[in-house]
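Visitor: Here you go, one structure.
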Amino acid sequence: MPTIDDFHAWPDVHGRFGNYGGSYVAETLMAPLAELSEAYLRLRDDPEFIAELDRDLKHYVGRPSPVYHAERLSQHVGGARILFKREDLNHTGAHKINNTVGQALVAKRMGKPRIIAETGAGQHGVASATVAARLGLKCVVYMGAVDIERQKINVYRMKLLGAEVVPVTSGSKTLKDALNEAMRDWVTHVADTFYIIGTVAGPHPYPLMVRDFNAIVGREARAQMLEQYGRLPDVLTACVGGGSNAIGLFHAFLNDADVRIVGAEAAGEGIATGHHAASLAAGRPGVLHGNRTYVLCDDNGQITETHSISAGLDYPGVGPEHAFLKDAGRAEYVGVTDDEAMEAFHLLARTEGILAALESSHAVAQAIKLAREYPKDGIVLCNLSGRGDKDVHTIAAREGVEV
Amino acid sequence: MSRIDRRFAALKAAGRTGLIPFVTAGDPSPQHVVALMHALVDAGADLIELGVPFSDPMADGPVIQHASERAIAKGVGLNEVLGWVARFRQRDAETPIVLMGYLNPVEIHGYARFAQEAVQAGVDGVLLVDCPLEEAAVLQPLREAGLQQILLAAPTTAPVRMAQLCGSAEGFLYYVSFAGITGAAHLSTGDIAARVADIRAHAKAPVAVGFGIRDAASAKAIAGFADAVVIGSALVERLAGATDAEEMTMRVHAFLAPIRSALDAH
């Protein structure tokens, strides 16, 4: 049993982070999950696999991504220095590629010719279609009909990359339903199909594997901080939907007790209105999509429909490691509203010349709040997880502008 | 001996194959669930699987997904389902009832509270689709209260694990006839027969086969080697849209009668 002092020791062999995680799936999936665990745990320590992954991350993704001091934004806010880990500069425009490059290599080693994925904002779908094209694998992406409507550009990008995009019309027609549908596909095609889950949720080993592939963000950032600033930041922040970019940044710092960690969830129209997607800030422990974690549900245990301006945060669950970090008191999780995210989006665009994704704009808003809490020589390190090109139409529509 | 065990012992003694219909509780109508359950028994059901609606039924095909969505939209939750079971028990003390569904509604209700209320209502077993043996520790209060946990076995289940499932099975072991979701239709009876024969040789509990059985012909093909057959999606589909108890009863009889005859003729 790992100890609570060493956050890097989790999950345990059953894929549990304390009370969270595990494998809550139908019997048919137990064998493919066991096969995946066995393959991944072997590859995780395989020097050849690691070398191939490192090469792809460097030459295909464009790593390492820089840590950038947003001087004009910091000055404008008037508090601590705000630094961005620039995951928006990666190939395909977000941190999602870190994970899909890794999982696609696992798929290749396991001899699976067909890839499926679910997507909310479309970034994970694009990142999956991208690696599938590169490795010559067939790719099917499940996407909620509502999300298809609000992320048209990414849908077209996936098609250009040769992927088939399947609209999901059940339930709330968003990310959670796309995940259900991808699971149904997997259970029906287990022999030849590899399911690339896009976030640190799902049954074991996904929360572990997706975290491992994204943890490069924090490993790089930690080294860059020491090299460029001679010290670690005072506080980290990142947006949390499923939580893959956040755990990616946080993980390398979990055992640095002096570094404060704050996750920004989508508070939508405000947590009090009920129209939000803040599972950690406003949910309760439950079981969804193969793991025990914090979920948004009613007293009958029915998962409730969520709201966020950003499709990528519009999810009623969250990765089990975040649930564990919340209960352990290692990380705080707070809500950022649609309006606050929009305001941060515009401020960043005008002071720094960066269009952030709507998801990442939640983190930027939180970084601004945190900067005000610290003195001028303090450091807030924020994961700028993706770029906002995909959101231009959504933003224009919200502001009544015809593009 | 539990109600489920007694029922399977009686079937075995009579040389009959059990018929287990599944309906989503509250669909097509929350007002007529109890009448529908009695109609199922009158039409030859040996055990009833009552589906507890869940918003995210990952293992179910479109028919049961939509039935669940309709029931949820009408406010159906565990409290209502347990109430219907209690009312059914006023007239039927013999037919075993298994609640089938997903873990979250039970987790949110509270395991200990659910266990007590379910036993009191007259529930005999639970089949929680997303709670495999590895995670079943949370169900300890249910076992202590006397609810049997029905386990699933699948075509993908590896031999070592199958032995484990056979050893742990209580009530009956539910063999999923193919790797897929409920209601899909591509039965390969030869493969199923071989696997089920192997399971029956090792399991203490009887074996029911489900997923993809939709009429008398497919039921009869399975009856040759299973202790019981489960029919869900095809029945739920047949019932959809029925508005009164009479209509439901008529449809139940029209659908189940030929299946019952086929099983008994086997």
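First to last, the protein sequences are chains A and B. Heads up: the first sequence begins at 7 in our numbering, then just goes up one per residue. Heads up: the second sequence begins at 4 in our numbering, then just goes up one per residue. Each residue gets a CB set at the ideal place from its N, CA and C atoms; glycine is no exception.
(1) Chain B beta carbons: is any one of them nearer than 8 Å to that of His-313 (chain A)?
(2) Using beta-carbon positions only, say whether Ala-3 (chain A) and Ala-127 (chain A) come within less than 8 Å of one another.
(3) Suppose the cutoff is 7 Å on Cβ atoms and the five residues either side in sequence are ignored; what does the same chain contact list for Asp-262 (chain A) look like?
(4) Taking Cβ-Cβ distances shorter than 7 Å, what residues in chain C pair up with Gly-170 (chain B)?
(5) Do Ser-134 (chain A) and Asn-96 (chain A) come within 8 Å of each other at the CB atom, strictly closer than that value?
(6) With DSSP as the reference, label Ile-216 (chain B) as helix, strand or coil.
(7) Measure the alpha-carbon distance for Arg-225 (chain A) versus Gly-244 (chain B) and round it to whole angstroms.
(8) Taking contact to mean at least 3 C-beta pairs separated by less than 8 Å, is the region 94-109 of chain B in contact with the region 5-20 of chain B?
(9) Quick one: residues in its chain with C-beta nearer than 6 Å to the C-beta of Met-103 (chain B), no 5 flanking neighbours on either side, listed in chain order?
(10) Among the residues of its own chain, which have a CB less than 6 Å from the CB of Ala-219 (chain B), if the five just before and after it don't count?
(11) Taking 8 Å as the CB-CB cut-off, is Ala-207 (chain A) touching chain B?
(12) Pick out whichever of B:Ile-195, B:Gln-143, B:Gly-183 has its Cα sitting closest to the Cα of Gly-33 (chain A).
(13) Nearest CA to the CA of His-269 (chain B): which residue from B:Met-165, B:Ala-124, B:Arg-19?
(14) Apply the 10 Å Cβ neighbour rule to Leu-232 (chain A) and answer buried if 16 or more other Cβ atoms are within range, or exposed otherwise.
(15) Does the beta-carbon distance from Leu-154 (chain B) to Val-101 (chain B) come in below 8 Å?
(16) Could I get the ranges of all uninterrupted beta strand (DSSP E) runs contained in the region 291-328 of chain A, with 3 residues as the minimum, in chain order?
(17) Determine the direct distance from the alpha carbon of Arg-87 (chain A) to that of Glu-77 (chain A), and round the result to whole angstroms.
(18) Between the C-alpha atoms of Gly-309 (chain A) and Gly-292 (chain A), what's the straight-line distance to the nearest angstrom?
(19) Among A:Val-147, A:Val-246, A:Thr-180, which residue has its Cα nearest to the Cα of Arg-156 (chain A)?
(20) Would you list, in sequence order, the uninterrupted alpha helix (DSSP H) runs of no fewer than 4 residues that lie entirely inside the region 143-200 of chain A?
(21) When the distance is taken between beta carbons, is Ala-172 (chain B) closer than 8 Å to Ala-229 (chain B)?
(22) Going along the chain, which residues of its own chain have a beta-carbon closer than 6 Å to the beta-carbon of Val-109 (chain B), five neighbours each way excluded?
(23) Terminal residues of the continuous beta strand (DSSP E) containing Cys-245 (chain A)?
(24) Going along the region 61-76 of chain B in order, which residues come within less than 9 Å of chain A, judged by CB to CB distance?
(25) Note down, one range per segment and in chain order, each alpha helix (DSSP H) of at least 4 residues found wholly within the region 83-154 of chain B.
(26) Please list the partners that Leu-190 (chain B) has in chain A, where partner means a Cβ-to-Cβ separation under 9 Å.
(27) Cutting at 8 Å between CB atoms, please list the residues of its own chain near Glu-408 (chain A), excluding the five before and the five after it.
(28) What are the boundary residues of the beta strand (DSSP E) that includes Arg-404 (chain A)?
(29) Does the pairing of the region 59-67 of chain A with the region 346-356 of chain A give three or more beta-carbon distances under 8 Å?
(30) Rounding to the nearest angstrom, what Cα-Cα distance links His-20 (chain A) and Ile-267 (chain A) in this structure?
(31) So what does DSSP say about Leu-390 (chain A), is it helix, strand or coil?
Guide: Here's the rundown:
(1) Not closer than 8 Å to any Cβ of chain B, the Cβ of His-313 (chain A) fails to qualify, so no.
(2) Beyond the ends of chain A as shown, which are 7 and 409, falls residue 3 (chain A); an answer cannot be given.
(3) Residues of the same chain with a CB within less than 7 Å of the CB of Asp-262 (chain A), apart from the 5 flanking positions on each side, are Leu-238 in chain order.
(4) Judged by its chain identifiers, the structure shown contains no chain C, and its protein chains are A and B.
(5) Contact flag unset, no.
(6) Of the three classes helix, strand and coil, the one that applies to Ile-216 (chain B) here is coil, per DSSP.
(7) Just so you know, the alpha carbons of Arg-225 (chain A) and Gly-244 (chain B) end up roughly 57 Å apart.
(8) Flag = yes, the region 94-109 of chain B and the region 5-20 of chain B touch.
(9) So the list reads Glu-52, Gly-54, Leu-130, once near-sequence residues are dropped.
(10) Closer than 6 Å at Cβ, skipping near neighbours: Pro-261, Ile-262, Ala-265.
(11) Chain B has no Cβ within less than 8 Å of the Cβ of Ala-207 (chain A).
(12) The residue asked about is misnamed: residue 33 (chain A) is Glu in this sequence, not Gly. Residue nearest to Glu-33 (chain A) within the set B:Ile-195, B:Gln-143, B:Gly-183 is B:Gly-183 (criterion: CA-CA distance).
(13) For His-269 (chain B), the nearest C-alpha among the options comes from B:Arg-19.
(14) Exposed is the call here.
(15) Cβ distance not < 8 Å, so Leu-154 (chain B) and Val-101 (chain B) don't count as in contact.
(16) List check, beta strand (DSSP E) in window: 297-301.
(17) Between the alpha carbons of Glu-77 (chain A) and Arg-87 (chain A) lies a gap of roughly 7 Å.
(18) This sequence places Ile at residue 309 (chain A); Gly is not what is there. Take the alpha-carbon of Ile-309 (chain A) and the one of Gly-292 (chain A): they are about 10 Å apart.
(19) It is A:Thr-180.
(20) As far as the region 143-200 of chain A is concerned, its whole alpha helix (DSSP H) runs of at least 4 residues are 151-156, 158-166, 181-194.
(21) In this structure, Ala-229 (chain B) lies away from Ala-172 (chain B), with their beta-carbon atoms at least 8 Å apart.
(22) Excluding sequence neighbours, Val-109 (chain B) sits near Phe-117.
(23) Segment 241-246, the beta strand (DSSP E) holding Cys-245 (chain A).
(24) Cβ contacts with chain A: Met-61, Ala-62, Asp-63, Gly-64, Pro-65, Gln-68, His-69, Glu-72, Ile-75.
(25) Those alpha helix (DSSP H) runs which fall completely within the region 83-154 of chain B and span 4+ residues are 106-112, 114-124, 143-148.
(26) Result: empty, since nearest Cβ-Cβ is about 14 Å, beyond 9 Å.
(27) Annotation for Glu-408 (chain A): Ala-402 place their beta carbon closer than 8 Å to its own, counting only its chain and skipping 5 residues before and after.
(28) Where Arg-404 (chain A) is concerned, there is no enclosing beta strand (DSSP E), although the alpha helix (DSSP H) it sits in stretches over 398-404.
(29) Contact annotation: the region 59-67 of chain A does not touch the region 346-356 of chain A, with fewer than three C-beta pairs closer than 8 Å.
(30) The straight-line gap from Cα to Cα measures roughly 26 Å.
(31) Leu-390 (chain A): strand per DSSP, three-state reduction.
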